[in-house]
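Data block below; observations after.
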Amino acid sequence: MGKNIRKPFVIHPYLFAIIPVIFLYAHNIDRTTLTSALLPMIVLLCTAVIFTQLLWFILRDIIKSGLIVSIILFIFFSHGHLHLLLLDWLSKNFIYKASWDKINLLSKMDIVLHLPLFMVWFMISRRLINIILKRKVDFFLATKFLNTFSVFMISFSIINIGLYSYKKDIHQKTNIEYHKSSSIVGLETKPDIYYIILDGYGREDILRDLYNFDNGDFLNYLAKKGFYVASKSCSNYAWTFLSLPSSLNFEFINYLTNDVGIESNDLRIPFEMIKNNQVAQFLRGKGYLFVHFKSTWGATLSNKYADIEIGYEDGLFRDEFLRILVQTTALKFLTSMITEDLAQSHLYTFKMLESVPDIQDPTFTFVHLVLPHHPFIFDSNGNVKHHVTLLDQFQANMWEKKDDYIEQLIFVNKKMKVVIDTILKKSITPPIIILQSDHGPQVFGVSNDTFIKARMAILNAYYLPRSNYLLYDSITPVNTFRLVFSHYFGEKISLLDDKSYVSTFEKPYNFKVVSCSDKFEYK
73 MGKNIRKPFV
83 IHPYLFAIIP
93 VIFLYAHNID
103 RTTLTSALLP
113 MIVLLCTAVI
123 FTQLLWFILR
133 DIIKSGLIVS
143 IILFIFFSHG
153 HLHLLLLDWL
163 SKNFIYKASW
173 DKINLLSKMD
183 IVLHLPLFMV
193 WFMISRRLIN
203 IILKRKVDFF
213 LATKFLNTFS
223 VFMISFSIIN
233 IGLYSYKKDI
243 HQKTNIEYHK
253 SSSIVGLETK
263 PDIYYIILDG
273 YGREDILRDL
283 YNFDNGDFLN
293 YLAKKGFYVA
303 SKSCSNYAWT
313 FLSLPSSLNF
323 EFINYLTNDV
333 GIESNDLRIP
343 FEMIKNNQVA
353 QFLRGKGYLF
363 VHFKSTWGAT
373 LSNKYADIEI
383 GYEDGLFRDE
393 FLRILVQTTA
403 LKFLTSMITE
413 DLAQSHLYTF
423 KMLESVPDIQ
433 DPTFTFVHLV
443 LPHHPFIFDS
453 NGNVKHHVTL
463 LDQFQANMWE
473 KKDDYIEQLI
483 FVNKKMKVVI
493 DTILKKSITP
503 PIIILQSDHG
513 PQVFGVSNDT
523 FIKARMAILN
533 AYYLPRSNYL
543 LYDSITPVNT
553 FRLVFSHYFG
563 EKISLLDDKS
573 YVSTFEKPYN
583 FKVVSCSDKF
593 EYK
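Counted the way this note's numbering counts, the sequence shown spans residues 73 to 595.
Spelled out as structure tokens, the structure:
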């Protein structure tokens, strides 16, 4: 009498479909949202279910169907990682030893590598699937192992997410008290306030001496329009996720070292400080609408605290989380589609900025343009470069593409001229416009002192109606709104010492004070 052997329940293909997404989310939970992870999880899970059931309908064997789908998923999620590893190996052993244009060669190799990899994957998958289909074995043990392994992997990530959720509550510190008056000193009507961040935009002397680029045309334009350009300005911090919470809360944030630990790289608190910032809170209390432009970077991707959010909604890859996820899969070759989404998002921001003066109520508009920061997707005339490096996890750092950086910067200059002209023309009351960088570019092949100065020296330009005399050439972002609020709103907020702090990406709260205000002279 034969035994009725119970087949194991097949769950591994469904779990393997979402494990990479949950793993990526768990390791970036402080800099992304669950919403960003939900869409790819749902799509991948549904795809795995459909393919597994379709194969079961054909083969009438759920175990073999599950194994085949898991093999395909493994290849799908491994392609991007293997592609990066091969590119890294080629760059270290061949490309960087070559005498020709290394950066362009690497970019071409990035594209060419996909075809041989796909051929290898095809041969491997064909061989494994043939084994599964032709072998007269039940594969019970393999299925049980994969079920157990997939449960362990997903549990590991879920536990990490759970532990993270039990960390202490996010909090902010402020020692500043505000007056309740909503009037503005010396003005009958409230001016619109624009805070425009141009990510990675270097100071004039850095561009001249390290990039061989004269930015005089744009700076002269700003001066003629009535802007004050702080020629010795430096960022207070070396990273966007530290610089923006400092300037938007007009305080130094070194106290975070004690809050999160000097060894920590937890970005939850600074991300929240960017979103729920003191500048917006203060101005909303004065009757302003908070207008937030959606960016392509985590902390400024959206803002639930804003009264109005403006952003390009048609692009699937505006979300940084989704871009990173796709770049680790077999869809990595879709660089052109991702680049187009990024480009359209930036162009939409430029376009919609011109419409803000049409809003009847006084507005505080915050714009974080992730330009001229890489990826370098625009040439100097605004043409979109569709085959560019979007992720840089190997030796060829994208900041090394100096010509591409300058081309994108020139395009930004052109678009900002149009935006500024339009805002000034359409504004009934002269607006306050702050055009500022969060940090400068990274320059390689130079001394450590030069590297730091280039990173910290920033563009910092102010359009303050009838009040430019208040400014000085070494003002830093931490004092931007201290000065604005003191002068225009009568707040008794003193200026802080203009200091700059550097830290590494791995240990962002291990701050070291540096000096960069002196005009740079390259020797």
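Note that the Cβ used here is the ideal one computed from N, Cα and C, for glycine as well.
From a predicted model like this one, the values you see are computed outputs, not experimental measurements.
- Cβ atoms of I269 and P503 stay farther apart than 8 Å, at about 17 Å.
- DSSP places Y236 inside the alpha helix (DSSP H), whose first and last residues are F212 to S237.
- Approximately 7 Å separates the beta-carbon atoms of N453 and F483; this is inside 8 Å, confirming the contact.
- Residue range S572 to V574 is occupied by the beta strand (DSSP E) that includes S572, with no alpha helix (DSSP H) assigned at that position.
- Remark: C-beta atoms of I547 and L555 approach each other more closely than 9 Å.
- In this structure, DSSP gives Q432 a state outside helix and strand, which the three-state scheme calls coil.
- Between D210 and I135, the alpha-carbon positions lie close to 8 Å from each other.
- In the structure shown, T548 adopts coil according to DSSP, grouped into three states.
- A straight-line Cα-Cα distance of about 28 Å links K304 and F343.
- For the 9 Å CB-CB criterion, T368 and L425 do not form a contact.
- Secondary structure remark: continuous alpha helix (DSSP H) runs of at least 4 residues inside the region 309-362, in chain order: 312-320, 328-332, 340-347 and 350-357.
- The DSSP-derived three-state label of Q125 is helix.
- Uninterrupted beta strand (DSSP E) stretches at least 3 residues long and entirely within the region 358-433 occur at 361-365 and 380-382, given in chain order.
- Between E335 and V301, the C-beta gap is not smaller than 9 Å, which leaves the two residues out of contact.
- Distances from the alpha-carbon of D433 to those of F523, S539, L116 and L355 put L355 closest.
- For I268, the uninterrupted beta strand (DSSP E) run begins and ends at I265 to L270, by DSSP.
- Taken atom to atom, the span from the alpha-carbon of L213 to that of T104 is near 38 Å.
- Contact check for L507 against L531 passes: the beta carbons are separated by less than 9 Å.
- Between F448 and K473, the beta carbon gap of about 6 Å places them in contact (Cβ cut-off 8 Å).
- Contact check for H440 against F365 passes: the beta carbons are separated by less than 9 Å.
- Counting every other CB atom within 10 Å of its CB across the protein chains shown gives C118 a total below 16, marking it as exposed.
- The straight-line gap separating the alpha-carbon atoms of S229 and P92 is approximately 10 Å.
- DSSP places L507 inside the beta strand (DSSP E), whose first and last residues are I504 to Q508.
- Only buried fits S572, as 16 or more other CB atoms lie within 10 angstroms of its CB.
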